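Engineer: Here it is, the structure, as structure tokens.
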Amino acid sequence: MQIIVLGSAAGGGFPQWNCNCEGCRRARSGDPLARPRTQSSLAVSADGRRWLLLNASPDLRAQILATPALHAVGERRGTPISAALLTNADIDHVTGLLTLRESQPFALYATARVQGVLAANSVFQVLKPEMVPRRAMALGTPFQPAGPDGEGLGLEVEVFAIPGKVALYLEDESIGLNLGAVSEDTVAVRITDTAGGGSFFYMPGCASLPGWLADRLRGAPLVFFDGTTWVDDEMARTGTGVKTAQRMGHMAISGPDGSLAAFDGLGVARKVYIHLNNTNPVLLEDSAERRQVEAAGWEVAHDGMEFSV
Ligand code: MLT
Ligand code: MN
Ligand code: ZN
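When the letters of the sequence shown are read in order and numbered with the numbering used here, they come out as residues 72 to 380.
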């Protein structure tokens, strides 16, 4: 199974259009130690011919152009993209669907909750049901994703609910502290190559790592994990905003409640931070924070990074 990181940054990308924080300034100036990154997405394939997108970012058009494996095929119109799967309904994970609107069949997988969010928004009707079948994923029930023609992709997928948050544009503060989130709002995905047996987890948004979740990840060969911020109050500290990472449904990397500490001792063979916010100092290759995550055995994803499992 091949995995390509299409986009490694969080919503906004790196640099973000309206941000002049240190990292964004360095990335914009062409600093080789502050490599630009597009927004959150992976592509996965068992046969190198038919690909499953994990999330569809607003940068999808540029990501496809930058990725030869995803270039158009056939005499006139055609694509190696057979299906797309959404881990939540966040803007940075769904708006790329609109880039795929040119009468091209592909299958669209999401939980019933996220399918409901798409169905309630008429702009997504541009993806006609006869071209783009929408298939609901049940939590905790492994399935084999297939292209629009029903031909299996040689993968097994399991999605399960993890701590997270409802999409920003659906937040309802009147409901209380959880803002109206339901368990299907944020899922982790585990993908296995049905022939080769290799597998990995993808969790670009995760608010905490309770014991049951740590146990599920224990000994995994490869995990892509939420690397949105270094500290919980990073937006305030960098003068870029007021929300904490927790308030945005993300778990910071550092500190006693951070992901570095939570993964310590889990025996995950390859740990990769992804969905990195532009304020995160681990994006800067000469930072002390970058050295610290690397010393703990983590890799920091960049666009175009490839994996074979
Ligand atoms: C997030 O990951 O917190 C969201 O993508 C934020 C957003 O909707 O911009
Ligand atoms: Mn996001
Ligand atoms: Zn910035």
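From the three backbone atoms N, C-alpha and C, an ideal C-beta is built for every residue, glycine too. Because the structure is a prediction, the values reported are computed rather than measured.
Report yes if the C-beta of H373 is less than 8 Å from at least one heavy atom of the ligand MN; otherwise report no.
Structural biologist: On the sequence shown, position 302 is the one that residue 373 refers to. Outside the cutoff, so no.
Engineer: Please report the residue range of the beta strand (DSSP E) in which D297 lies.
Structural biologist: Looking up residue 297 in the sequence shown gives position 226. Note, D297: beta strand (DSSP E), L293 to D297.
Engineer: Residues in the same chain with beta-carbon distance under 6 Å from P213, minus the five sequence neighbours each way, listed in chain order, please.
Structural biologist: Position 142 of the sequence shown, counted from the first residue, corresponds to residue 213. Cβ neighbours of P213 beyond the five flanking positions: E227 and E229.
Engineer: In the DSSP assignment, the alpha helix (DSSP H) including A19 goes from what residue to what residue?
Structural biologist: It is not possible to answer for residue 19, since the shown part of the chain is limited to 72 through 380.
Engineer: By how many angstroms is the C-alpha of Q110 removed from the C-alpha of R148?
Structural biologist: By one-based count along the sequence shown, residue 148 stands at place 77. By one-based count along the sequence shown, residue 110 stands at place 39. If I take the Cα positions, the gap works out to 26 Å.
Engineer: At a cut-off of 8 Å, is G84 close to the ligand MN when judged by its beta-carbon and the heavy atoms of the ligand?
Structural biologist: For this step, residue 84 is matched to residue 13 along the sequence shown. Because no heavy atom of the ligand MN lies under 8 Å away, the Cβ of G84 does not count as near it: no.
Engineer: Confirm, please, whether the CB-CB distance from V294 to R341 is below 9 Å.
Structural biologist: Sequence index remark: in the sequence shown, residue 341 carries index 270 (1-based). Sequence index remark: in the sequence shown, residue 294 carries index 223 (1-based). Result yes, Cβ atoms of R341 and V294 sit closer than 9 Å.
Engineer: F271 and F378: beta carbons closer than 9 Å?
Structural biologist: Translated into the one-based positions of the sequence shown, residue 271 becomes position 200. Translated into the one-based positions of the sequence shown, residue 378 becomes position 307. Yes, the Cβ-Cβ distance between F271 and F378 is below 9 Å.
Engineer: Roughly how many angstroms separate the alpha carbons of G119 and L179, rounded to a whole number?
Structural biologist: Sequence index remark: in the sequence shown, residue 119 carries index 48 (1-based). Sequence index remark: in the sequence shown, residue 179 carries index 108 (1-based). Cα to Cα, G119 sits roughly 19 Å from L179.
Engineer: Could you tell me which uninterrupted beta strand (DSSP E) segments, each at least 3 residues in length, are contained entirely in the region 144-183, listed from first to last along the chain?
Structural biologist: Correct list: 152-156 and 178-182.
Engineer: For H164, is the beta carbon positioned less than 8 Å from some heavy atom of the ligand MN?
Structural biologist: For the purposes of this step, residue 164 is taken as the residue at position 93 of the sequence shown. Flag set: Cβ of H164 near the ligand MN.
Engineer: By the DSSP assignment, the alpha helix (DSSP H) with R206 in it spans what residues?
Structural biologist: On the sequence shown, residue 206 is found 135 positions in, with the first residue counted as 1. Run containing R206: none in the alpha helix (DSSP H); it sits in the beta strand (DSSP E), R205 to M208.
Engineer: DSSP has F271 in a bridge; who is on the other side?
Structural biologist: By 1-based counting over the sequence shown, the position of residue 271 is 200. For F271, which the question treats as bridged, DSSP gives the partners I262.
Engineer: Please name the residue, chosen from E356, T300, T311 and V380, that lies closest to S330 on a Cα-to-Cα basis.
Structural biologist: Position 259 of the sequence shown, counted from the first residue, corresponds to residue 330. Answer by Cα proximity: T300.
Engineer: Quick one: Cα of V343 to Cα of A372, how far?
Structural biologist: Sequence index remark: in the sequence shown, residue 343 carries index 272 (1-based). Sequence index remark: in the sequence shown, residue 372 carries index 301 (1-based). Taking the straight line joining both Cα atoms gives about 6 Å.
Engineer: Under 9 Å between the Cβ atoms of L210 and S254?
Structural biologist: Here residue 210 corresponds to residue number 139 of the sequence shown, with the count starting at 1. Here residue 254 corresponds to residue number 183 of the sequence shown, with the count starting at 1. Yes, they are a contact pair.
Engineer: Within the chosen definition, does the region 306-314 reach the region 236-247 through at least 3 CB pairs nearer than 8 Å?
Structural biologist: The answer is no - the region 236-247 does not touch the region 306-314, with fewer than three Cβ pairs under 8 Å.
Engineer: Hey, would you say A181 sits closer than 9 Å to L157, going by beta carbons?
Structural biologist: Your numbering for residue 181 matches position 110 in the sequence shown. Your numbering for residue 157 matches position 86 in the sequence shown. Yes, Cβ-Cβ distance for A181 and L157 is below 9 Å.
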